[in-house]
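Number of protein chains: 2
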Amino acid sequence: MTENNLQTCTMLSLKKTAKLLKRNNNFIIVTHASPDGDTLGAGFSLFYALKMFNKRVKVVCPDQIPEKYRYFVSNTDMVSDEGAYIVAVDIADKALFGSLEERYGDRVNLCIDHHISNTKYAENLYLDADASATCEIIYELLKIMRVKINDIIAKALYTGIATDTGCFKYQNVTSKTHTIAAGLYQYNIKADEINRIMFDTKSRRLLELERMVLDTAEYPFDGKCMVLTVTSEMQEKTGCSGTELEKMAVLSRSVEGVICGVTIKQTDADTYKVSLRTYHPLNASEIGNKLGGGGHKAAAGATVKGELSEVRERILGVIGEAMEQANVGTTADK
Amino acid sequence: MTENNLQTCTMLSLKKTAKLLKRNNNFIIVTHASPDGDTLGAGFSLFYALKMFNKRVKVVCPDQIPEKYRYFVSNTDMVSDEGAYIVAVDIADKALFGSLEERYGDRVNLCIDHHISNTKYAENLYLDADASATCEIIYELLKIMRVKINDIIAKALYTGIATDTGCFKYQNVTSKTHTIAAGLYQYNIKADEINRIMFDTKSRRLLELERMVLDTAEYPFDGKCMVLTVTSEMQEKTGCSGTELEKMAVLSRSVEGVICGVTIKQTDADTYKVSLRTYHPLNASEIGNKLGGGGHKAAAGATVKGELSEVRERILGVIGEAMEQANVGTTADK
Numbered sequence: 002m003t004e005n006n007l008q009t010c011t012m013l014s015l016k017k018t019a020k021l022l023k024r025n026n027n028f029i030i031v032t033h034a035s036p037d038g039d040t041l042g043a044g045f046s047l048f049y050a051l052k053m054f055n056k057r058v059k060v061v062c063p064d065q066i067p068e069k070y071r072y073f074v075s076n077t078d079m080v081s082d083e084g085a086y087i088v089a090v091d092i093a094d095k096a097l098f099g100s101l102e103e104r105y106g107d108r109v110n111l112c113i114d115h116h117i118s119n120t121k122y123a124e125n126l127y128l129d130a131d132a133s134a135t136c137e138i139i140y141e142l143l144k145i146m147r148v149k150i151n152d153i154i155a156k157a158l159y160t161g162i163a164t165d166t167g168c169f170k171y172q173n174v175t176s177k178t179h180t181i182a183a184g185l186y187q188y189n190i191k192a193d194e195i196n197r198i199m200f201d202t203k204s205r206r207l208l209e210l211e212r213m214v215l216d217t218a219e220y221p222f223d224g225k226c227m228v229l230t231v232t233s234e235m236q237e238k239t240g241c242s243g244t245e246l247e248k249m250a251v252l253s254r255s256v257e258g259v260i261c262g263v264t265i266k267q268t269d270a271d272t273y274k275v276s277l278r279t280y281h282p283l284n285a286s287e288i289g290n291k292l293g294g295g296g297h298k299a300a301a302g303a304t305v306k307g308e309l310s311e312v313r314e315r316i317l318g319v320i321g322e323a324m325e326q327a328n329v330g331t332t333a334d335k
Numbered sequence: 002m003t004e005n006n007l008q009t010c011t012m013l014s015l016k017k018t019a020k021l022l023k024r025n026n027n028f029i030i031v032t033h034a035s036p037d038g039d040t041l042g043a044g045f046s047l048f049y050a051l052k053m054f055n056k057r058v059k060v061v062c063p064d065q066i067p068e069k070y071r072y073f074v075s076n077t078d079m080v081s082d083e084g085a086y087i088v089a090v091d092i093a094d095k096a097l098f099g100s101l102e103e104r105y106g107d108r109v110n111l112c113i114d115h116h117i118s119n120t121k122y123a124e125n126l127y128l129d130a131d132a133s134a135t136c137e138i139i140y141e142l143l144k145i146m147r148v149k150i151n152d153i154i155a156k157a158l159y160t161g162i163a164t165d166t167g168c169f170k171y172q173n174v175t176s177k178t179h180t181i182a183a184g185l186y187q188y189n190i191k192a193d194e195i196n197r198i199m200f201d202t203k204s205r206r207l208l209e210l211e212r213m214v215l216d217t218a219e220y221p222f223d224g225k226c227m228v229l230t231v232t233s234e235m236q237e238k239t240g241c242s243g244t245e246l247e248k249m250a251v252l253s254r255s256v257e258g259v260i261c262g263v264t265i266k267q268t269d270a271d272t273y274k275v276s277l278r279t280y281h282p283l284n285a286s287e288i289g290n291k292l293g294g295g296g297h298k299a300a301a302g303a304t305v306k307g308e309l310s311e312v313r314e315r316i317l318g319v320i321g322e323a324m325e326q327a328n329v330g331t332t333a334d335k
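Residue numbers (the working numbering), protein chains in the order written: chain A, 2 to 335; chain B, 2 to 335.
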C-alpha cells in the first residue's frame, strides 16, 4: 500500500467491513494510546479471529500494555508496514495514535469504532455510536464472518464491554449489550475473575491518594457540595497521575445528598484544575463557564489561578449563586 | 387458613407455582428482614403482577424499607392474615422473617427462593439455586403467567438482579442473567440511575469511616497482606455499624498484590472480630481455624481477645505460618 492523505472516508456496513477483512492478508491492528480494555479487547479478538483465516496479523499499541490484560494478550506476527492493511480499533481521532501517529495516522485503511466523535480520518470507517463498546461491534462482526468464537476471544470481548460500561452500570448499556454478554457467557470466560481485576482491585498508591484526598473533604452548603483537594505534594508523594487523578472526580459525587462534587487539583504553584460533577437541578456546564471553563450538564471543568484559599472561595461563590438560582435551599454556611 | 406446623415441604415446578398464584385471591407477600434489592424487587414485582389479575395483595417487610428503593415501592392493599395466602420471597430461613417470624414463620404457603441453603420451612417451595437472584425467578414466573411486564415491574426486577450480582460482577451471573437483563432493557428502566443509587453512592458516615480506617492501613509481608483496624471509637464517632462495617473487609482485599486482607474490628474493650479475605494460594478457612474461628476458603473470621497489639501479633503470626506453608516468598518483614 502506498502512503495516502485521504480526503474522503467511506462509511461501511458491517457486511462490507467483513468482506474487506476477508479480502486482505497482512494486517496491522492499531490500538489507542493509554490502552484500555476495549481497544485491547477489540484488537486481540480481531487478531485471534483473523488467524483462523490464516492471515498474518500484528497488533501494535503506542504504549505498554498493562499486565492486568495478560489473560487475553499474546505475541502476534511480524508484519512489515509495507503493503500491510492497517486497521484502527476504538480510535476516534488520529491524536489517539500517540507515539504511532506519524507512522500510521494518515494511512489507516479501516477504522472500527463506537465514538460519535470519530473524525473520519480513515479510508473506511465502520461506526456504530449506539454500541457501548467497540467490542460489541467486533462480536457482531465475527458472527457475520462466521468465526467460531473460542474462550480467549470471548474473554477479550467481554473485557472490552465490561470495562467500557463500568460493568453494565452506565447509560451506554442497551438491551443488545446484555444479549451479547449472554452470548459470551456461553464460553468459559471466568467473568467474575475478570471483573475482580478490572473493578475491585486498585493500586496501593491510588488508595493512598484517596486516603489523603479524603482527609481534605469538606461539605459546604449543608452537605449539598463536596470539595476535595489534590495538592501537588499528594501527587508527588503517591506517584499518582493521569487517569488515577480523574478518579477523584468520581469520588466527589459519590456521597449521599451531594449534588455538586468539586475536585480542586493543583497543576502548578498557583494553578488549579477544577472538576465539577453535578446532579439535577445544578448544571455543571454553567458553573464551569462562569469559572472560565466549560463542559457538559453533569461534568465540567475549568482552570483557576491564585492561592488555594482564593481559588476555593471563588469556586464556592459561583456554586452558591448557582444553588440560589436553582432554588436549592441552603443556609448561608459554606 | 388455619395455622399449620408443616412437616413436609412440596417442591414445585415454576408452572405449578404460577397455578397456585392464579388460584388464590388474597395474598400477603413477606420480604426478609434488613431488606435488600432482591427481596423487595421480588415482592413488589409480584405485587404489581398479581394486581393485574385483580387479586388483593399486601406486601410486608419486618423492617423499614430504605428510602432508596422508593422508585418501585408503593402502598399495597389491606389484607387480613385470616385466610390470606402467605408468600415468602427470597427468604431462606424462618429466622430471616425477623420481627415477623412469630406471625408468619410457620404458616408460609409458598416460598420462592434462590438460596441453596433454603430450610424448606414452607408448605410449597419453588427453589432455583442457579438463579443469581429471586428476581430472576420472578421474571420467568411472570412470563409463564403471561403477565404484561411494565416499566415499574421491570425496574423492580432489574434492581433485584443488579444488587444481588454486584451489577453483573459476581460468580452467580450466568448467560440467563444477561438474557433476562436484555429483556428488562426493553422497558424504560433508567438502569443507569438505578445503578448510581445502588452502587455509586455511599453515606457520608461510611466514607468518613473508610477515611479513618485507611489511616490505619498496614502492608506487612512485602505488601502481600493488608491490615485494617476499626476501633470502637471510630464506630462511635461515625455511627457506622452492621453491614457498613462489613464493607471494610471488602476494602481489605481491594489492593493490587494483596493476597490476605485482614480487618480487625473492636467489639469490646479487649475483644476483636477478625475478618479474613484471601486469594490463592492462601486459605482463609485454615487461618480462621487456627485463630479459633472458621469460614470458607476465601472468607473466614474469628474472635480474638487481648490488647490490640497482642491481637495483631497473633494474627500476623498465624498468617506468616500460612504464607510459609503455601510457599509464598516474603522477607522476614512484617
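The C-beta atom is built at its ideal place from N, Cα and C for all residues, glycine as well.
Rounded to a whole number of angstroms, what is the C-alpha to C-alpha distance between residue i and residue j?
i, j, result
"Ile138(A)", "Asp193(A)", "23 Å"
"Gly42(A)", "Gly318(B)", "42 Å"
"His116(A)", "Leu128(A)", "7 Å"
"Lys95(B)", "Glu102(B)", "6 Å"
"Ile30(B)", "Gly296(B)", "33 Å"
"Val174(B)", "Phe200(A)", "16 Å"
"Val58(B)", "Asp114(B)", "19 Å"
"Asp64(A)", "Ala155(B)", "43 Å"
"Gly224(B)", "Asn25(B)", "60 Å"
"Tyr86(A)", "Thr18(B)", "58 Å"
"Glu237(A)", "Lys306(B)", "40 Å"
"Val312(A)", "Asp271(A)", "9 Å"
"Ala333(B)", "Lys248(A)", "Its pLDDT being 47, under 50, Ala333(B) is placed unreliably in this model, and the coordinates cannot settle the point."
"Gly161(B)", "Thr180(A)", "19 Å"
"Phe45(B)", "Leu158(A)", "35 Å"
"Ser233(B)", "Gln187(B)", "48 Å"
"Pro67(A)", "Gln326(A)", "46 Å"
"Ser14(B)", "Ser35(A)", "51 Å"
"Thr120(B)", "Lys16(A)", "54 Å"
"Leu208(A)", "Ala218(B)", "10 Å"
"Lys149(A)", "Leu142(A)", "12 Å"
"Glu257(A)", "Tyr220(A)", "11 Å"
"Ile288(B)", "Tyr105(B)", "40 Å"
"His33(B)", "Thr166(A)", "31 Å"
"Asn189(A)", "Asn284(B)", "24 Å"
Consult DSSP for residue i and reduce its assignment to one of helix, strand or coil.
i, result
"Ile162(B)", "helix"
"Glu219(B)", "strand"
"Ala96(A)", "helix"
"Lys238(A)", "helix"
"Asn125(B)", "strand"
"Val329(A)", "coil"
"Thr244(B)", "helix"
"Met324(A)", "helix"
Output needed for residue i: all residues of its chain with C-beta closer than 6 Å, excluding positions within five of it in sequence on either side, in chain order.
i, result
"Ile265(A)", "Thr230, Tyr273, Val275"
"Leu126(B)", "Cys10, Met12, Cys112"
Beta-carbon separation of residue i and residue j under 8 Å?
i, j, result
"Asp91(A)", "Asp131(A)", "no"
"Ser255(A)", "Thr304(B)", "no"
"Ala300(B)", "Gly294(B)", "no"
"Ile316(B)", "Val263(B)", "yes"
"Val80(B)", "Asn27(B)", "yes"
"Leu21(B)", "Leu51(B)", "no"
"Val329(B)", "Pro282(B)", "yes"
"Ala89(A)", "Ala123(A)", "yes"
"Ser204(A)", "Met227(A)", "no"
"Phe54(B)", "Ile153(B)", "no"
"Arg206(A)", "Cys241(A)", "yes"
"Thr77(A)", "Phe48(A)", "yes"
"Glu245(A)", "Leu277(A)", "no"
Can you give me the Cβ contacts of residue i inside the same chain, cut-off strictly under 8 Å, excluding the 5 residues immediately before and after it?
i, result
"Cys168(A)", "Asn196, Met199, Phe200"
Using a Cβ-Cβ cut-off of 7 Å (strictly less than) and excluding sequence neighbours within five positions of residue i, which residues of its own chain qualify?
i, result
"Ile145(B)", "Leu15, Lys16, Ala19"
### 4 or more residues per run - each alpha helix (DSSP H) lying fully within the segment 10-75 of chain A
15-24, 38-53
### Message
Please give me, in chain order, every unbroken run of the alpha helix (DSSP H) with length at least 4 that falls completely inside the segment 248-319 of chain B.
### Response
Taking only runs of at least 4 residues, the alpha helix (DSSP H) segments lying wholly in the segment 248-319 of chain B are 285-291.
### Query
What are the start and end residues of each continuous alpha helix (DSSP H) run of 4 or more residues lying completely inside the segment 134-218 of chain B, in chain order?
135-145, 152-165, 176-185, 192-200, 205-215
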